[in-house]
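Each protein sequence line maps, in turn, to chains A and B. UniProt numbering numbers the first residue of the first sequence as 1 and each following residue consecutively. UniProt numbering numbers the first residue of the second sequence as 1 and each following residue consecutively. Note that beta-carbon positions come from the ideal geometry of N, C-alpha and C, so glycine has one too. Reviewing the structure listed below.
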Amino acid sequence: MMTQASKKLEIKFRRGQIIQGKWHKKSYQIIRELGSGAVGTVYLCVSDGRKVALKVSSQMSSISSEVNVLKSFQSVQGKRLGPSLIDVDDFVSKDGHAYPFYVMEYVEGVSLHEFIQRNGKEWLFSLLVGLTRDLEELHQKGYVFGDLKMENLLVTRNPIRLRWVDVGGTTLQGRAIKEYTEFYDRAYWECGDRKAEPRYDLFALAMVVLRIFYPSGFEKTSSPARLLHQKANTAIKNDALRKLVLYLIQGKMSTASEVRTYLLDAYQKSHDSGGVAHTGQVSRQRQNSQQGEIYPITEASIIFFSSGLFFVWLFLL
Amino acid sequence: MRTGTLKQVLLITDGCSNQGEHPAHVATMLAEQGITVNVIGILEDTQSEQPEGLMEVEEIASSGQGVSQIVYQQALSQTVQTVTKQAMTQTLQGVVNKELKQILGNSQSIEELPPDQRGEVMEVVDELGETCDLEVLVLVDTSASMTNKLPTVQEALIDLSISMNARIGRNRFSIYQFPGKRKPIHLLVDWTEQLSSISSVFSKIATGGVTPTGPALKEAMYQFGKKTLKRRLWRNDDPSIEEAGN
Numbered sequence: 001m002m003t004q005a006s007k008k009l010e011i012k013f014r015r016g017q018i019i020q021g022k023w024h025k026k027s028y029q030i031i032r033e034l035g036s037g038a039v040g041t042v043y044l045c046v047s048d049g050r051k052v053a054l055k056v057s058s059q060m061s062s063i064s065s066e067v068n069v070l071k072s073f074q075s076v077q078g079k080r081l082g083p084s085l086i087d088v089d090d091f092v093s094k095d096g097h098a099y100p101f102y103v104m105e106y107v108e109g110v111s112l113h114e115f116i117q118r119n120g121k122e123w124l125f126s127l128l129v130g131l132t133r134d135l136e137e138l139h140q141k142g143y144v145f146g147d148l149k150m151e152n153l154l155v156t157r158n159p160i161r162l163r164w165v166d167v168g169g170t171t172l173q174g175r176a177i178k179e180y181t182e183f184y185d186r187a188y189w190e191c192g193d194r195k196a197e198p199r200y201d202l203f204a205l206a207m208v209v210l211r212i213f214y215p216s217g218f219e220k221t222s223s224p225a226r227l228l229h230q231k232a233n234t235a236i237k238n239d240a241l242r243k244l245v246l247y248l249i250q251g252k253m254s255t256a257s258e259v260r261t262y263l264l265d266a267y268q269k270s271h272d273s274g275g276v277a278h279t280g281q282v283s284r285q286r287q288n289s290q291q292g293e294i295y296p297i298t299e300a301s302i303i304f305f306s307s308g309l310f311f312v313w314l315f316l317l
Numbered sequence: 001m002r003t004g005t006l007k008q009v010l011l012i013t014d015g016c017s018n019q020g021e022h023p024a025h026v027a028t029m030l031a032e033q034g035i036t037v038n039v040i041g042i043l044e045d046t047q048s049e050q051p052e053g054l055m056e057v058e059e060i061a062s063s064g065q066g067v068s069q070i071v072y073q074q075a076l077s078q079t080v081q082t083v084t085k086q087a088m089t090q091t092l093q094g095v096v097n098k099e100l101k102q103i104l105g106n107s108q109s110i111e112e113l114p115p116d117q118r119g120e121v122m123e124v125v126d127e128l129g130e131t132c133d134l135e136v137l138v139l140v141d142t143s144a145s146m147t148n149k150l151p152t153v154q155e156a157l158i159d160l161s162i163s164m165n166a167r168i169g170r171n172r173f174s175i176y177q178f179p180g181k182r183k184p185i186h187l188l189v190d191w192t193e194q195l196s197s198i199s200s201v202f203s204k205i206a207t208g209g210v211t212p213t214g215p216a217l218k219e220a221m222y223q224f225g226k227k228t229l230k231r232r233l234w235r236n237d238d239p240s241i242e243e244a245g246n
């Protein structure tokens, strides 16, 4: 007999509802929904006067494997790779179905889109440098993040950092990616397979950058890889960033630390050449226009000076 | 723990069966033989709620111990692979549950374990899902109303094979359309590991009137049986999941 014989529907909690766990008896009051995806819904809750995030699903398997991932993130000392895990339990609904849930630290922040819009694209360098360090650590632990996308990233304050908030797609390297989103999936763009390896995440990272320039995305055409190149070339004015995106799409960089080094280098170079890592072409244009202004002035002064000499010569005659 | 091969029928339809045996009945018989039946119902873009024609989708899948989902065309690719993976996990969970019962006594299943102990068990299920072999027989409804959806179906199936081939375990797919010209189903793609080469298959299909879902499922069951038989003649097969799955 299969236990899932009677179909269990996805569960929705009401605002203000109090959720008590079957095993640990801890209570959580629902404040609001934070988001819902293919395998469950995340709620903002209050427990013991503290804000926490609670993820519930009808699928025991996905909740369990996410808990496994979060646990393995906690086991390292020092900096944590993901939100910290607080509780794992079941909620029993009125009709007797048990819905597994887990409770994690609530990560407060703004979306990457919003942050970039408010503060400018030059922030991408520092945000990506931080994120690639986390990615490198994750890859070192034998995982691949999998579902790297805008919606799974938040910019937190104090310190300002780009952090991931949902580990649902995190997959052991060498296995098939557990969860993905088409726009960020390299197989969808015919640029590779769905095997979990660091480069899978790096491709998705490139798409995150591209998405900043195309907030509502774009449609696939018959030659997807070429389309991505074209989109990157049209929108990204900053040379270093554009090149990076192209490298990552082509799978030319194989580790997150390589990306990190590249970003740090590019930033350093932009400093050496006199400008903040702003948009390369814009600053080049600015230089041009400055030069353009300089030339007429020199021309004018030459004319003025020579005509002066002419008058002096006339006067002397 | 060896699992042998998981067997699934994936039925893709947009309407109600209107000819022959009741599909839920056939699905039950398939499940009894260890073949899971998953059903995906496709909505018209103009339909805002589930039409009655798709009522039987859930009924067939639950009778076939499988997973069902009703979606719009655009979501088909993602749905096809989640449904397939979910059904695999379900079946494997069933297998693991059975083992657990043998070890821990009659009443224990994964759900009844405290959450802290589930993790390790689910790790086993995960591992099995990654390494087991999988056979999917795809049954595509090609009645008249499906015509405009076939390109999407084709794309979704190619995508499914990309997803499944990222696993360590081996995969085999075959595709049938129903109704066939004279028979309930018609072979489009014979058992193959990669579906990337199917790009022209659906364009040749003449789509036709009736929807004999029941007879089509029954024929699918026969095709699975025939294949197993053929293989047993060649070599001694491993005892497969079908005995353990129930």
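Determine whether the beta carbon atoms of Val-88 of chain A and Val-103 of chain A lie at a separation below 9 Å.
yes
Threshold first: 3 residues or longer. Then list the beta strand (DSSP E) segments lying entirely within the segment 31-64 of chain A, N to C.
40-47, 50-56
Is it buried or exposed for Lys-252 of chain A, if we count other Cβ within 10 angstroms and need 16 for buried?
exposed
Below-9 Å beta-carbon distance, Glu-182 of chain A vs any chain B residue
yes
Using only the alpha-carbon positions, how far apart do Val-95 of chain B and Tyr-43 of chain A sit?
33 Å
Should Ala-27 of chain B be flagged as near chain A, meaning a C-beta pair shorter than 9 Å?
no
Quick one: is Tyr-72 of chain B buried, meaning 16 or more other Cβ sit within 10 Å of its Cβ, or exposed?
exposed
By Cβ distance below 7 Å, which residues in the same chain neighbour Gln-108 of chain B in space, the five residues on each side in sequence not counted?
Leu-100, Lys-101
Start-to-end residues for the alpha helix (DSSP H) that takes in Glu-114 of chain A
112-119
Name, in chain order, the residues that DSSP records as bridge partners for His-271 of chain A.
For His-271 of chain A, which the question treats as bridged, DSSP gives no partner whatsoever.
Can you name the residues that DSSP bridges to Gln-20 of chain A?
A:Ser-27
Establish whether the CB of Asp-237 of chain B and some CB of chain A are separated by less than 9 Å.
Interpretation of Asp-237 of chain B is limited by its pLDDT of 47, a score under 50 that renders its predicted location unreliable; the figure taken from the coordinates is listed afterwards. No, because no Cβ of chain A sits closer than 9 Å to the Cβ of Asp-237 of chain B.
As assigned by DSSP and simplified to three states, the class of Gln-291 of chain A:
Per-residue confidence for Gln-291 of chain A stands at a pLDDT of 41, beneath the threshold of 50, marking its modelled position as unreliable; the derived number appears in the next sentence. Here Gln-291 of chain A sits in helix by DSSP.
Got a sec? Which residues, its chain only, sit under 7 Å from Thr-46 of chain B by beta carbon, not counting five neighbours each side?
none
For chain A, is any of its Cβ atoms less than 9 Å away from the one on Asp-116 of chain B?
yes
How many angstroms separate the CA atom of Val-282 of chain A from the CA atom of Arg-211 of chain A?
Interpretation of Val-282 of chain A is limited by its pLDDT of 38, a score under 50 that renders its predicted location unreliable; the figure taken from the coordinates is listed afterwards. Cα to Cα, the separation comes out at about 20 Å.
Is Ile-162 of chain B helix, strand or coil when you go by DSSP?
helix
Kindly give me the distance between the Cβ atoms of Val-245 of chain A and Ala-232 of chain A, rounded to whole angstroms, as I take these residues to be in contact under 8 Å.
5 Å
Distance cut-off 8 Å: Gly-192 of chain A Cβ against heavy atoms of the ligand NAP:
This structure does not include the ligand NAP; it has no bound ligands of any sort.
Compare the C-beta of Ile-35 of chain B against all C-beta atoms of chain A and say whether one is closer than 9 Å.
no
I'd like to know if the segment 151-159 of chain A and the segment 133-142 of chain B are in contact, where contact means that at least 3 CB-CB pairs between them fall below 8 Å.
no
On the three-state DSSP scale, how would you describe His-186 of chain B?
strand
Report the neighbours of Asp-133 of chain B on chain A: residues whose CB is nearer than 7 Å to its CB, in chain order.
Correct list: empty, because the minimum Cβ distance to chain A is about 14 Å.
Exposed or buried, what is Val-92 of chain A when buried is set at 16 or more other beta-carbons lying within 10 Å of its beta-carbon?
exposed
On a Cα-Cα basis, can you pick out the residue from A:Leu-81, A:Glu-190, A:Phe-145 that is closest to Arg-226 of chain A?
A:Glu-190
Val-259 of chain A by DSSP, collapsed to three states: which one?
helix
Residues of its chain near Ile-297 of chain A, where Cβ-Cβ distance is below 7 Å and the 5 sequence neighbours each way are ignored:
Low per-residue confidence applies at Ile-297 of chain A: pLDDT is 47, beneath 50, and the placement is therefore not dependable enough to give any value.
Are there 16 or more other CB atoms within 10 angstroms of the CB of Trp-23 of chain A, so buried, or fewer, so exposed?
exposed
Can you check whether the C-beta of Met-60 of chain A is within less than 9 Å of a C-beta belonging to chain B?
yes
Any idea which residues DSSP pairs Trp-123 of chain A with across the strands?
Its beta-bridge partners do not exist; DSSP assigns none.
Is the shortest distance between the beta-carbon of Asn-68 of chain A and the beta-carbons of chain B less than 9 Å?
yes
Along the chain, which unbroken stretches of the beta strand (DSSP E) at least 3 residues long are found entirely within the UniProt domain "VWFA" (1-92) of chain B?
5-13, 35-43, 68-72
Quick check on Thr-234 of chain A: buried or exposed, where buried means 16 or more other Cβ atoms within 10 Å of its Cβ?
exposed
Any C-beta of chain B under 9 Å from that of Trp-123 of chain A:
no
Classify Phe-145 of chain A: buried if its beta carbon has 16 or more other beta carbons within 10 angstroms, exposed otherwise.
buried
Arg-182 of chain B burial status per 10 Å Cβ neighbour count (16 or more: buried):
exposed
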